[in-house]
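Comments concern the structure below.
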Amino acid sequence: MIALNAQRSKQLLQEAQLLQPQLTAWRRDFHQHPELAFEEQRTSEKVSCFLKSLNLEISGPFAETGMVALLKGKKPGKTIGLRADMDALPIQEQNTFCFKSENDGKSHACGHDAHTAMLMGAAQLLAKRQPEHGNIAFLFQPAEEVSKGAKAMIDAGALNGIDEMAGLHINAGIDLGKIAFSGKIGCGSTDFFSLTIIGKGGHAAHPDLTVDSVAVTGQVITALQQLASRQIDPADPVVLTIATIHGGTANNAIAPLVKMTGTVRTLNPELRKTMPERMTSIVKGITSAFGADYDLDYTFSSPSIINDDRMTLLAQQTVDALLGKGHRLQSKPSLGGEDFSFYTEQLPSVFFVLGAGSDAIPRHPNHHPQFTVDERALPYGSAVLAALAMNALEN
Ligand code: NI
237 MIALNAQRSK QLLQEAQLLQ PQLTAWRRDF HQHPELAFEE QRTSEKVSCF
287 LKSLNLEISG PFAETGMVAL LKGKKPGKTI GLRADMDALP IQEQNTFCFK
337 SENDGKSHAC GHDAHTAMLM GAAQLLAKRQ PEHGNIAFLF QPAEEVSKGA
387 KAMIDAGALN GIDEMAGLHI NAGIDLGKIA FSGKIGCGST DFFSLTIIGK
437 GGHAAHPDLT VDSVAVTGQV ITALQQLASR QIDPADPVVL TIATIHGGTA
487 NNAIAPLVKM TGTVRTLNPE LRKTMPERMT SIVKGITSAF GADYDLDYTF
537 SSPSIINDDR MTLLAQQTVD ALLGKGHRLQ SKPSLGGEDF SFYTEQLPSV
587 FFVLGAGSDA IPRHPNHHPQ FTVDERALPY GSAVLAALAM NALEN
């Protein structure tokens, strides 16, 4: 049984709520100045300047703009890592509020501005509570949106000395202050492919003298959609999306080539491994039946988040103690990707979703050009992360 300190939980939440103006100011500042993957220089400088003022030991840069700030305990023990991602998306913001993006074509449409602000808040709450045993590491990572930041941080040694990891994502589709856990699997794996169907061009009036890559592509797309619906256990979710398609240049000529790109998402790591072979078998069969050829380039990008049972239980109990049982939700895993998964491959970890939706804001999904959050969620995020870190060191 995990013993949690109820009195301390209340105090942390109250202190976090007093940080509301500061958390809002940070989030709005990052929101107004979004930076894309591996370019988070300004954000990173603001973060490190603040962390230095808390007298934390800062190491980095890792992966261009990432850093780790360490709060050392009085005595040695394990180290828990808390992670925030800092990057924005190449999306033109369509919000009109006073702190809308100043950077053309870039916006914080996934709430990483809020993640960064909340982890700064957690560091502030924890800095005046030096742990008795063990340490707390604050990881600020770049480039989550391109699924490369976490891996680059790990490759650069940012996880050295860290024993466990925790992180969260904000979501306006979930009510303000609710925290959702999805169980063992936190999100889907995210892989990408490009597929070219190679035919033989010619006059549109004489298809018999050509191999029509557009017609073959139609068959290929239909068959690939049946892969998910007819060949895979329905209890194992899989999404195969063809996201772009380009072929042909003239309305009276048969296109020699059609190029497609897309993504494959699965929850089951074993199924994930079989997807390139399954796709190849279908594409090969259909193209050969029509005398065409193909080129399939398949890239494994980020794995599924696999939550550790003990860390999940600890996080759930932390939420219950901090906010009360009614604030915790059980959700389904999303097939959206999240590169926190790379940490879960290395260390016992937990990842959960913080609700930031209310009638005070338009509730758009993440990556929508008008995505925003109810900023009253920020203190909840800071408090949960801070309480979870303290509980992890004591249990
Ligand atoms: Ni995100």
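Residue numbers for the sequence shown follow my numbering, so the first one is 237 and each next one is one higher.
Don't be surprised by glycine CBs; every beta carbon is placed ideally from N, CA and C.
Predicted model, so just to flag it, every value in this text is computed and none were measured.
Residue i - DSSP class collapsed to helix/strand/coil
| i | result |
| --- | --- |
| Val609 | coil |
| Thr301 | coil |
| Val382 | coil |
| Arg564 | strand |
| Phe335 | coil |
| Lys308 | coil |
| Glu506 | helix |
| Arg244 | helix |
| Phe286 | helix |
| His351 | helix |
| Met237 | Low confidence applies here, because Met237 scores a pLDDT of 45, under 50, leaving its location unreliable; read the following figure in that light. Coil. |
| Phe266 | helix |
| Ile522 | helix |
| Arg514 | helix |
| Leu404 | strand |
| Ser594 | coil |
| Arg365 | coil |
| Asp399 | coil |
| Asp391 | helix |
| Asp545 | helix |
| Ser585 | strand |
| Ile468 | coil |
| Gly313 | strand |
| Ser540 | coil |
| Met626 | helix |
Cβ pair residue i, residue j closer than 8 Å
| i | j | result |
| --- | --- | --- |
| Ser465 | Pro569 | no |
| Ala363 | Leu476 | no |
| Leu249 | Ala619 | yes |
| Gly309 | His267 | no |
| Asp323 | Leu272 | yes |
| Gly424 | Gly573 | yes |
| Ser430 | Met496 | yes |
| Asp427 | Ser524 | no |
| Val494 | Ile433 | yes |
| Phe335 | Arg278 | no |
| Leu624 | Ala557 | no |
| Val304 | Ala373 | yes |
| Ala388 | Ala299 | yes |
| Glu329 | Thr301 | no |
| Ala392 | Leu375 | no |
| Ala463 | Ala359 | Note that residue 463 corresponds to Leu in the displayed sequence, not to Ala. Against a cut-off of 8 Å, the Cβ pair of Ala359 and Leu463 comes out as no contact. |
| Ser577 | Pro539 | yes |
| Phe587 | Gly403 | yes |
| Ile398 | Val589 | no |
| Leu583 | Pro367 | no |
| Met547 | Glu400 | yes |
Same chain, Cβ closer than 6 Å to residue i, five either side skipped, listed in chain order
| i | result |
| --- | --- |
| Asn504 | Asp472 |
| Met511 | Val500 |
| Tyr616 | Gly413 |
| Pro270 | Ala324, Ser337, Asn339, Lys342, Ser343, His344 |
| Gln455 | Ile522 |
| Leu259 | Ala353, Gly357, Leu614 |
| Arg599 | Ala408, Gly593 |
| His482 | Lys495 |
| Arg508 | Ser425, Thr502 |
Closer than 7 Å: residue i CB and nearest the ligand SAM heavy atom
| i | result |
| --- | --- |
| His369 | Among the ligands modelled here, namely the ligand NI, the ligand SAM does not occur. |
Per DSSP, cross-strand counterpart(s) of residue i
| i | result |
| --- | --- |
| Asp531 | Thr432 |
| Leu493 | Ile434 |
| Ser570 | Cys423 |
| Asp321 | Gln377 |
| Gly370 | Bridge partners of Gly370: none, in fact. |
| Glu293 | Leu306 |
| His482 | Lys495 |
| Ile415 | Arg564, Leu590 |
| Thr477 | Thr499 |
| Lys447 | Note that residue 447 is Val in the sequence shown, not Lys. Bridge partners of Val447: Lys436. |
| Ser343 | Leu325 |
Sequence-distant residues of its chain with Cβ nearer than 7 Å to residue i (five each side left out)
| i | result |
| --- | --- |
| Pro443 | Ile490 |
| Ala528 | Ile433, Ile434, Gly435, Val447, Ser449, Val452 |
| Leu532 | Phe429, Leu431, Met515, Thr516, Val519 |
Neighbourhood of residue i by C-beta distance below 8 Å, restricted to the same chain and skipping five residues each side
| i | result |
| --- | --- |
| Leu288 | Correcting the residue identity first, residue 288 is Lys in this sequence and not Leu. Excluding positions up to five away in sequence, the list reads Ile294. |
| Ser280 | Pro297, Thr301, Gly302, Met303, Met322, Phe376, Pro378 |
| Gly562 | none |
Subject >> Lining residues of the ligand NI - beta-carbon closer than 7 Å to any non-hydrogen atom, in sequence order >> reply: With 7 Å as the limit, the residues whose C-beta approaches any heavy atom of the ligand NI more closely are Asp321, Cys346, Gly347, His348, Glu380, Glu381, His405, Glu574, Asn602, in sequence along the chain.
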